[in-house]
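In the UniProt record's numbering, the protein residues as written are 1 to 895. Idealized CB from N, CA, C, for every residue including glycine.
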């Protein structure tokens with residue numbers, strides 16, 4: 001009976017023959033002499049310490065046959081009546097899973113019954129679902145809307161269509177201004193990751209045969225070589241050369257791609273006019289300046305011509321909830337006024353005449369309507385005056401945005417400021433030195449409630465959040481991860497076999513739940529740290545998320561290695577005197593087994609399962625919200641509350657960017673390990689990464705254009721941060737090359753690890769220097785190719801819908817609640833409410849009402865249509881993003 005077999009596979013370098021009765025004495029881990037294989041093996045059952053053949057009668061006869069049964073189990077296992085060893089943890093897990101499954105089934109049954117029986121908040125639910133459809137990015141281009149263009153009194157083309165089409169799924173995401181330049185750069189980076197993965201796959205496939213890495217038997221046992229160590233050195237040299245070649249090519253490709261991204265951002269700025277092109281920023285404004293008209297007059301005196309206006313940032317810390325509630329009330333008033341206009345045009349009496357009309361350019365108040373709609377002198381007016389009395393004690397944040405009528409006015413103002421762009425010169429206003437700056441953020445990227453937050457306060461919040469996150473991680477490791485992982489490893493050590501899926505599923509479930517909680521904490525806490533720009537919060541989210549997923553991946557790899565080590569651990573002294581050949585064969589066998597295990601772990605969890613669960617979260621969140629609203633478990637929902645519940649999730653580009661770095665690092669990790677020919681795990685993972693990029697390229701279009709709330713990424717700073725973080729997978733290849741170089745030189749473990757770390761850090765520094773030089777050179781080109789003015793501010797506003805006025809919450813409220821200030825009438829800009837920014841001529845109300853009726857009353861259509869026709873039409877509308885019934889003429893849809 002052969003005995004040298006510690007990993008469950010026959011070693012190619014030699015065996016030892018022993019008598020059958022000496023298997024247990026010679027190798028305690030393999031006490032069972034299997035007569036069928038003539039090998040000393042473990043008992044077939046995990047956790048079985050002793051097993052033997054027992055004669056038992058056959059069924060239906062008196063003849064006896066030998067049956068292998070377990071006589072005793074190892075520590076931590078219990079012997080059941082059938083002669084099987086059951087792990088104690090598995091017993092508890094089975095009972096826990098069964099109890100949890102029964103509870104889930106009962107809750108699901110109760111939920112179905114409640115959903116079918118109760119039908120509360122039906123009107124608010126219908127409005128909320130309509131609002132959900134409007135929250136996705138919409139195309140407000142006049143040329144692509146189903147209605148004809150109209151010109152306002154100012155001569156600006158403006159489209160009136162409350163149901164503007166969504167972007168088609170085949171939209172040019174690399175050039176179209178959907179939610180800003182950030183989305184364009186993201187898709188470019190996704191394609192870049194796919195190209196790097198495809199190139200790496202080709203290199204690994206080609207070099208395996210070119211460098212003759214297929215001599216695995218010679219590497220393990222020294223066959224065909226007088227000196228086995230020469231084979232090991234040659235293998236290490238070849239492996240190091242492959243990693244070095246990959247590092248050089250990926251490094252150069254990354255620098256070239258960084259320049260391409262900078263060029264893309266510059267071209268995007270030249271092609272698409274944005275609000276920041278008409279705006280400049282004033283800092284150090286006296287805090288007592290809260291009237292925009294005063295600051296506007298001062299700017300107009302310097303410029304010598306009228307400007308569009310000034311938007312002052314206000315300090316309303318501690319009043320965020322009140323401001324949000326007031327904005328919701330204003331939106332509700334606008335919507336009620338809009339509905340009243342539609343019903344009045346159709347000859348249907350209004351439903352709620354008790355609410356006062358709003359001062360808004362959306363729906364001008366007609367004669368006689370104000371008398372029937374009430375006045376602000378009642379209870380609501382008292383509440384408004386009380387709220388305003390609280391706000392009058394607040395001051396400005398010290399920052400203001402000056403909006404010009406034309407792009408050239410910005411350059412002219414900088415010239416009149418008597419300094420070129422980029423050099424600050426102070427002017428005095430009310431005794432304070434005002435600093436002029438160029439604006440590089442769209443109004444949707446400004447966090448108005450944090451403009452008054454100091455950098456010191458932001459730093460303190462950031463430190464507290466980091467400490468709390470560290471406490472969460474340490475608590476999780478001490479209370480859950482370490483005890484459970486030790487118990488799982490105990491199974492492998494005692495049973496001599498890998499843990500069962502049931503055993504590891506409990507640990508995986510705990511890790512998934514804790515990661516979800518940490519994700520929620522990051523998503524909730526980062527926007528509240530006090531960053532004044534959204535891209536700053538996005539960069540921090542990307543950094544924290546990247547570190548978290550890499551640490552989680554490292555923990556899983558470490559746990560996998562420990563499980564394999566526990567399974568294949570030879571007995572003490574079994575390899576003493578066996579020679580370097582057998583020892584090396586044992587070590588290389590473990591490396592190959594670890595690479596194979598890591599490959600399947602990445603394929604099953606990192607590349608697939610986590611993203612499937614992420615995609616399923618979109619419909620599950622919708623079903624959860626619909627169930628809560630329909631059943632009324634939380635009481636009666638207002639229209640605005642219902643809309644908030646049904647709003648889709650935001651576009652999470654920082655999280656998606658973190659996945660790019662994580663998966664690339666995972667694909668390159670097996671290069672650290674020796675592998676047999678034809679089983680290159682990195683080659684397989686690179687091929688899967690190419691497939692992943694292709695799937696994500698299509699799936700993310702659906703997620704971003706159909707299932708996510710309009711979330712703006714209007715700067716390229718996040719992409720710059722991603723390119724800085726891209727140093728991790730690039731430098732990982734440098735560390736891999738240094739690791740194999742150290743092994744080729746015969747250095748010890750600690751020297752090899754030190755050399756690997758030094759190469760990693762040196763590669764990071766080199767990469768960051770090259771990236772800085774690439775971006776610096778591109779910025780110099782940007783200053784020479786500044787975009788010329790192409791359209792007026794009013795034209796850009798009609799297309800973009802947002803501005804520095806309708807995104808400033810306090811400015812919106814002051815324009816509506818304090819008419820004595822004489823501010824232009826402004827409607828709050830919110831996701832799903834962008835159509836309220838368009839003009840609403842009375843002559844278009846009937847057409848819009850008919851369109852709404854056609855959408856909400858499909859039963860009024862003439863002529864029944866077959867199921868296949870309806871399905872085809874629904875797919876066409878969904879893919880193109882057009883409004884429902886957009887391809888039907890009005891005379892065909894309305895009787």
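Just the Cα atoms here: how many angstroms apart are residue 597 and residue 869? For the purposes of this step, residue 597 is taken as residue 597 along the chain shown, with counting starting at 1. For the purposes of this step, residue 869 is taken as residue 869 along the chain shown, with counting starting at 1. Approximately 50 Å between the Cα atoms of the pair.
Keeping to the same chain, check which residues put their C-beta closer than 6 Å to that of residue 714; ignore five residues upstream and five downstream. In the chain shown, residue 714 corresponds to position 714, counting from 1. Within the same chain, and ignoring the five residues on either side of residue 714 in sequence, the residues whose Cβ sits closer than 6 Å to its Cβ are 180, 442, 445.
Using the Cα positions of residue 275 and residue 406, report the straight-line distance between them to the nearest angstrom. Here residue 275 is taken as the residue at index 275 of the chain shown, counted from 1. Here residue 406 is taken as the residue at index 406 of the chain shown, counted from 1. Roughly 11 Å separates the two Cα atoms.
Quick check on the DSSP output: the beta strand (DSSP E) that includes residue 85 runs from which residue to which? As a position in the chain shown, residue 85 is number 85, starting the count at 1. Start and end: 85-87.
C-beta contact flag for residue 727 and residue 768 at 8 Å: For the purposes of this step, residue 727 is identified with residue 727 of the chain shown, where counting begins at 1. For the purposes of this step, residue 768 is identified with residue 768 of the chain shown, where counting begins at 1. With contacts defined by Cβ atoms closer than 8 Å, residue 727 and residue 768 form a contacting pair.
Which residues mark the beginning and the end of the alpha helix (DSSP H) in which residue 687 is found? The residue labelled residue 687 in the question sits at position 687 within the chain shown. Start and end: 681-706.
Measure from the alpha carbon of residue 550 to the alpha carbon of each residue in 772, 524, 658, then state which is nearest. The sequence position of residue 550 within the chain shown is 550, counting from 1. It is 658.
In terms of residue numbering, what span does the beta strand (DSSP E) encompassing residue 400 cover? In the chain shown, counting from the first residue as 1, residue 400 sits at position 400. Note, residue 400: beta strand (DSSP E), 396-403.
Could you name the residues of the same chain whose beta carbon sits closer than 6 Å to that of residue 750, not counting the 5 residues immediately before and after it, in chain order? The residue labelled residue 750 in the question sits at position 750 within the chain shown. Shown here for residue 750: not one same chain residue has a beta carbon closer than 6 Å to its own, the five before and five after excluded.
Between which two residues does the alpha helix (DSSP H) carrying residue 633 extend? Indexing the chain shown from 1 puts residue 633 at position 633. Counting along the chain, residue 633 falls outside any alpha helix (DSSP H), and DSSP gives it neither H nor E.
Could you spell out the range, first to last residue, of the alpha helix (DSSP H) harbouring residue 793? Locating residue 793 in the chain shown gives position 793, counting from the first residue. 793-800 is the extent of the alpha helix (DSSP H) around residue 793.
Kindly indicate which three-state DSSP category residue 314 falls into: helix, strand or coil? Counting from one through the chain shown, the residue named residue 314 turns up at place 314. In this structure, residue 314 counts as strand in the three-state DSSP scheme.
What do you get for residue 524, buried or exposed, if any count of 16 or more other CB atoms within 10 angstroms of its CB means buried? The residue labelled residue 524 in the question sits at position 524 within the chain shown. Taking all protein chains in view, the Cβ of residue 524 is surrounded by fewer than 16 other Cβ atoms within 10 Å, so the residue is classified as exposed.
Would you grab the beta carbon distance between residue 287 and residue 395 for me? Rounded to a whole angstrom, and I think it's under 8 Å. Locating residue 287 in the chain shown gives position 287, where the first residue counts as 1. Locating residue 395 in the chain shown gives position 395, where the first residue counts as 1. Between the beta-carbon of residue 287 and that of residue 395 there is about 4 Å, and that keeps the pair under the 8 Å contact cut.
Check for me: the beta strand (DSSP E) holding residue 40 runs from which residue to which? Residue numbering aside, residue 40 sits at position 40 when the chain shown is read from its first letter. From DSSP, the beta strand (DSSP E) with residue 40 extends over 39-41.
If we cut at 8 Å on Cβ distances, does residue 531 have a partner in chain C? Any reference to chain C falls outside this structure, which holds one protein chain only.
So, are the CB atoms of residue 826 and residue 836 less than 8 Å apart? Locating residue 826 in the chain shown gives position 826, where the first residue counts as 1. Locating residue 836 in the chain shown gives position 836, where the first residue counts as 1. Against a cut-off of 8 Å, the Cβ pair of residue 836 and residue 826 comes out as no contact.
Among residues of its own chain, excluding the 5 on either side of residue 123, which ones have a beta-carbon nearer than 7 Å to its beta-carbon? Locating residue 123 in the chain shown gives position 123, where the first residue counts as 1. Excluding sequence positions up to five before and after residue 123, its CB lies less than 7 Å from no other CB in the same chain.
Do residue 185 and residue 265 have their C-beta atoms closer together than 8 Å? Residue numbering aside, residue 185 sits at position 185 when the chain shown is read from its first letter. Residue numbering aside, residue 265 sits at position 265 when the chain shown is read from its first letter. Result yes, Cβ atoms of residue 185 and residue 265 sit closer than 8 Å.
Label residue 192 either buried or exposed according to how many other C-beta atoms from any shown protein chain fall within 10 Å of its C-beta, with 16 as the threshold for buried. In the chain shown, the residue the question calls residue 192 occupies position 192. Buried.
Report yes if the C-beta distance between residue 896 and residue 515 is below 8 Å; otherwise report no. What the structure shows of the chain is the stretch from 1 to 895, and residue 896 is not part of that stretch, so it cannot be assessed.
Tell me where the alpha helix (DSSP H) around residue 18 begins and ends. Locating residue 18 in the chain shown gives position 18, where the first residue counts as 1. Counted as a single uninterrupted DSSP element, the stretch harbouring residue 18 is not any alpha helix (DSSP H), since DSSP gives it neither H nor E.
Thinking just about the alpha-carbon of each residue, which of 54, 83, 125, 178 is nearest to the one in residue 46? Against the chain shown, residue 46 aligns to sequence position 46. For residue 46, the closest C-alpha among the options 54, 83, 125, 178 is that of 83.
Can you give me the C-alpha to C-alpha distance between residue 241 and residue 772, rounded to a whole angstrom? Residue numbering aside, residue 241 sits at position 241 when the chain shown is read from its first letter. Residue numbering aside, residue 772 sits at position 772 when the chain shown is read from its first letter. Counting only the Cα atoms, residue 772 lies some 28 Å from residue 241.
With C-beta atoms as the reference, is residue 833 less than 8 Å away from residue 129? As a working note, residue 833 is residue 833 in the chain shown. As a working note, residue 129 is residue 129 in the chain shown. No, these two residues do not count as a Cβ contact at 8 Å.
So residue 307 and residue 296 are in contact, right, with Cβ under 8 Å, and what is the actual spacing, rounded? If you number the chain shown from 1, residue 307 lands on position 307. If you number the chain shown from 1, residue 296 lands on position 296. Contact flag correct, Cβ pair sits at about 6 Å.
Span of the alpha helix (DSSP H), counted from its first residue to its last, around residue 642: Along the chain shown, read from residue 1 onward, the residue named residue 642 stands at position 642. Where residue 642 is concerned, the enclosing alpha helix (DSSP H) stretches over 639-646.
Is the beta carbon of residue 317 sitting closer than 8 Å to the one on residue 452? Residue 317 sits at position 317 when you count from the first residue of the chain shown. Residue 452 sits at position 452 when you count from the first residue of the chain shown. Yes, these two residues count as a Cβ contact at 8 Å.
Could you tell me the boundaries of the alpha helix (DSSP H) in which residue 464 lies? Mapped onto the chain shown, residue 464 falls at position 464. Residues 455-476.
If distances are taken between C-alpha atoms only, which option among 48, 67, 51 comes closest to residue 57? Counted from its first residue, the chain shown places residue 57 at position 57. Nearest of 48, 67, 51 to residue 57, Cα basis: 67.
Contained alpha helix (DSSP H) runs [length at least 4] in the stretch 109-136, N- to C-terminal order: For the stretch 109-136, whole alpha helix (DSSP H) runs of length 4 or above, ordered along the chain, are 122-135.
Exposed unless 16 or more other CB atoms sit within 10 angstroms - verdict on residue 560: Along the chain shown, read from residue 1 onward, the residue named residue 560 stands at position 560. When all chains shown are included, residue 560 counts as buried.
Residue 239: which of 676, 269, 819 sits nearest, CA to CA? In the chain shown, residue 239 corresponds to position 239, counting from 1. Looking only at 676, 269, 819, the smallest Cα-Cα distance to residue 239 is reached by 676.
Could you name the residues of the same chain whose beta carbon sits closer than 6 Å to that of residue 736, not counting the 5 residues immediately before and after it, in chain order? Here residue 736 refers to the residue found at position 736 of the chain shown. Taking C-beta separations shorter than 6 Å and ignoring five residues to either side along the sequence, the partners of residue 736 in its chain run 243, 671, 672, following chain order.
What does the alpha-carbon distance come out to for the pair residue 375 and residue 621? The residue labelled residue 375 in the question sits at position 375 within the chain shown. The residue labelled residue 621 in the question sits at position 621 within the chain shown. With a pLDDT of only 35 at residue 375, under 50, the local geometry of the prediction cannot be trusted, and the value read off the model is given with reservation. Spanning the two alpha carbons is a distance of roughly 41 Å.
Measure the CB-CB distance between residue 763 and residue 744 and report whether it falls below 8 Å. Residue numbering aside, residue 763 sits at position 763 when the chain shown is read from its first letter. Residue numbering aside, residue 744 sits at position 744 when the chain shown is read from its first letter. No. Outside cutoff.
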